[in-house]
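Input: a single structure, listed below in structure tokens.
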Amino acid sequence: MEKVAKGLGVPFFSYDIDLPDQEAKADELVKKYGDWSEDYLIPQIFVETKDGKIKHVFTGYSESVDSTKRHLNNLINSPLFAR
Amino acid sequence: MSEKDARKVAKDLFSLTPNCYGHCKEKGSFEFKGDSMIVQVCPNRYVSRIVTYGHQVDQNQFRKTLRGLVSGLKTVQSGDIRVASRYAWDLGLKRKNDDLILHLAYWTQSYRRTKDERVDRPALFLCSNSDSFFMQPLNSRNRFCKDCRA
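Those sequence lines, one after another, are chains D and G. For the first sequence, this note's numbering gives the first residue as 1, with consecutive numbering after it. For the second sequence, this note's numbering gives the first residue as 1001, with consecutive numbering after it.
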């Protein structure tokens, strides 16, 4: 995703829920805009649009890491991230 | 997006062959039960996951449903359930005005690490012969519920 953001020329932020100082920010984003549950699925991806709106666009697949990779690839190649 | 469409998408999404999680790692399947439940089972009928889906999902109702399956699941908590939104763009679908396709709620057996690591701890299985869930020791090779064994 970092590479995609770089290609689009937009800032990229990543929050690691295993790091206490980043966990709070991740929780806030997921609670406000994402797929929130007490032990929520990761990764979750959000985009901020020009007008400041934040939109949730992806949640990892509980089924398997391979499923998450495959569907993340769909997202990256979708019109959503078209230059 | 209608519930019928959501079901069709879910059918496609869960047509893969998953590896058993928390039991034997053998290749299993996702079985559709009723209107909105999907059960991941292995050849030994161990239940790795139960998923509910729809244009909307009610986590509380799902928790109640899980608790009602067998007495051994009465301790399922809201924190044991995780949710996900699936959009046209991650599913690889071309839709113009309906990007949100469906919601999923997952319950994964053995996901939360427990102090009980015994190989014969009680675990959830799905009968090979009927749609009945039943509890038995994790290391049991039996694939039938009590009624079907009788």
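For every residue, glycine included, the Cβ atom is placed at its ideal position computed from N, Cα and C.
Interface residues of chain D facing residue i [CB-CB closer than 9 Å]
i, result
"residue 1083 of chain G", "35, 36, 37, 40, 41 and 59"
Beta carbon proximity, residue i to chain D, threshold 7 Å
i, result
"residue 1089 of chain G", "yes"
"residue 1079 of chain G", "yes"
"residue 1028 of chain G", "no"
"residue 1018 of chain G", "yes"
"residue 1046 of chain G", "no"
"residue 1092 of chain G", "yes"
Closest Cα partner of residue i within the set the options
i, options, result
"residue 1056 of chain G", "G/1104, G/1070 and G/1013", "G/1104"
"residue 59 of chain D", "D/11, D/74 and D/53", "D/74"
"residue 1047 of chain G", "G/1148, G/1084, G/1150 and G/1139", "G/1139"
"residue 1126 of chain G", "G/1070, G/1022 and G/1015", "G/1070"
"residue 982 of chain G", "G/1088, G/1067 and G/1087", "Because residue 982 of chain G is not part of the residues shown, which for chain G are 1001 to 1150, the question remains open."
"residue 1021 of chain G", "G/1082, G/1050, G/1074 and G/1094", "G/1050"
"residue 1106 of chain G", "G/1008, G/1009, G/1028 and G/1036", "G/1036"
"residue 1011 of chain G", "G/1101, G/1117 and G/1060", "G/1101"
"residue 1073 of chain G", "G/1030, G/1136 and G/1096", "G/1136"
"residue 1123 of chain G", "G/1064, G/1024 and G/1029", "G/1024"
Distance CB(residue i)-CB(residue j) smaller than 7 Å
i, j, result
"residue 26 of chain D", "residue 15 of chain D", "yes"
"residue 1027 of chain G", "residue 1017 of chain G", "yes"
"residue 1038 of chain G", "residue 1014 of chain G", "yes"
"residue 12 of chain D", "residue 33 of chain D", "no"
"residue 1032 of chain G", "residue 1040 of chain G", "no"
Chain G within 7 Å of residue i, Cβ atoms only
i, result
"residue 80 of chain D", "yes"
"residue 29 of chain D", "no"
"residue 8 of chain D", "no"
"residue 75 of chain D", "yes"
"residue 23 of chain D", "no"
"residue 63 of chain D", "yes"
Closer than 9 Å at the beta carbon, the chain G residues around residue i
i, result
"residue 14 of chain D", "Near residue 14 of chain D there are no residues of chain G at all, since even the closest Cβ is about 18 Å away, more than 9 Å."
Residue i Cβ short of 6 Å to the ligand GTP heavy atom set
i, result
"residue 1049 of chain G", "The ligand GTP is not part of this structure, which contains no ligands at all."
**Asked** Name the residues in the region 1048–1078 of chain G whose C-beta lies less than 9 Å from a C-beta of chain D; which are they?
**Response** 1049, 1051, 1059, 1077 and 1078
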